[in-house]
Amino acid sequence: MKLICIGRNYAAHIEELANERPEEPVVFIKPDSSILPKEQDFYIPEFSNNIHYEVEVLVKIKKVGKHIDKKFANKYYDEVGLGIDFTARDLQSKLKEKGLPWEKAKGFDGAAVVGNWIDKSIFKDIDQLDFSLIKNGVEVQKGNTSLMLWKIDELVSYVSTYFTLKKGDVIFTGTPAGVGKIEANDYLSGILEAQELFTVKIK
Ligand code: ZN
8 MKLICIGRNY AAHIEELANE RPEEPVVFIK PDSSILPKEQ DFYIPEFSNN
58 IHYEVEVLVK IKKVGKHIDK KFANKYYDEV GLGIDFTARD LQSKLKEKGL
108 PWEKAKGFDG AAVVGNWIDK SIFKDIDQLD FSLIKNGVEV QKGNTSLMLW
158 KIDELVSYVS TYFTLKKGDV IFTGTPAGVG KIEANDYLSG ILEAQELFTV
208 KIK
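Using this note's numbering, the letters of the sequence shown map in sequence onto residues 8 to 210.
The structure is reproduced here in structure tokens:
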């Protein structure tokens, strides 16, 4: 399976990193080896002094699809969730400066937290979901899927024009503003519509 990630999908986050607003979604892939095993702590890797959390809404693909039309995109997923796209920001900045791929900064072991899944049918509108990240008891990121530049169905359609989507693939839909550095002993938890979908301890 693959993790397909969207960058720069919330205007306020584009501003906080002083990035250019993209004309099309920014897409990158994390390998399946980047998934942090459930119940395992996240160890800050030695190659970075600035690991950032990015809380993101996730979508789990349920069947094979390619060139999916936006109006049928909702037939390709039943479950939504929440996760973290951990990013070695110092390494990413160096790679960005040189115009090089971001994989080392985004795809390292443990860089993808995938929380519990919720059947989308319990939500009235998946384009109106509140979510947040709590660090050591304090809310540090807060978003709503209505603020996405490209909504979930548009993203499913868009990425399927480049990559065949397969059952079990996960789309990370981008992070809202408020990204920041983690330190050893931090405790993170992710909340989607008042439900806690993951917790992570930083080592
Ligand atoms: Zn991200």
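The C-beta atom is built at its ideal place from N, Cα and C for all residues, glycine as well.
Since this is a predicted model, take the numbers as computed values, not measurements.
Query                                                                                                                                                              : Result
How would you label His20, buried or exposed, when you count the other beta carbons within 10 angstroms and need 16 or more for buried?                            : buried
Is the distance from the Cβ of Tyr17 to the Cβ of Gly181 below 8 Å?                                                                                                : yes
Just list the alpha helix (DSSP H) runs in the stretch 65–104, keeping only unbroken ones of 4 residues or longer that don't cross its boundaries, in chain order. : 96–104
Quick check on DSSP: helix, strand or coil for Leu154?                                                                                                             : helix
Using only the alpha-carbon positions, how far apart do Ala95 and Ala112 sit?                                                                                      : 5 Å
Assuming Leu195 contacts Ile159 under a Cβ cut-off of 8 Å, what Cβ separation, rounded to an integer in Å, is found between them?                                  : Contact flag wrong, Cβ pair sits at about 23 Å.
Whose CA, out of Arg28, Glu146, Leu107 and Asp116, lies closest to the CA of Gly197?                                                                               : Glu146
Would you tell me roughly how many angstroms separate the C-alpha atoms of Lys169 and Asn56, rounded to the nearest one?                                           : Note on identity: in this sequence residue 169 is Tyr, with Lys being the wrong assignment. Straight-line Cα distance between these residues: approximately 34 Å.
Quick one: what does DSSP say Glu23 is sitting in, helix, strand or coil?                                                                                          : helix
So is the beta-carbon of Thr182 under 7 Å away from any non-hydrogen atom of the ligand ZN?                                                                        : yes
Nearest-angstrom Cα distance between Val163 and Gly72?                                                                                                             : 9 Å
State the DSSP-derived secondary structure class of Ser139, mapped to helix, strand or coil.                                                                       : strand
Could you tell me the distance, in whole angstroms, from the CA atom of Ile178 to the CA atom of Lys105?                                                           : 27 Å
Can you tell which of Leu156, Pro32, Pro38 and Lys101 has the C-alpha that lies nearest to the C-alpha of Leu10?                                                   : Pro38
Could you name the residues that DSSP lists as bridge partners for Asp193?                                                                                         : Looking at the DSSP assignment, Asp193 forms no beta bridge with any residue, so it has no partner.
Regarding Glu53 and the ligand ZN, is the C-beta to nearest heavy atom distance less than 7 Å?                                                                     : no
Out of Asp137, Gly90, Asp85 and Phe115, which has the shortest C-alpha to C-alpha gap to Phe207?                                                                   : With the sequence shown as reference, residue 207 is identified as Val, and Phe is not the correct amino acid for it. Minimum Cα distance to Val207 is reached at Gly90.
Using a threshold of 7 Å, is the CB atom of Asp92 nearer than that to any non-hydrogen atom of the ligand ZN?                                                      : yes
What does a CB cutoff of less than 7 Å around Asp137 pick up in its chain, not counting 5 residues either side in sequence?                                        : Asn151 and Glu200
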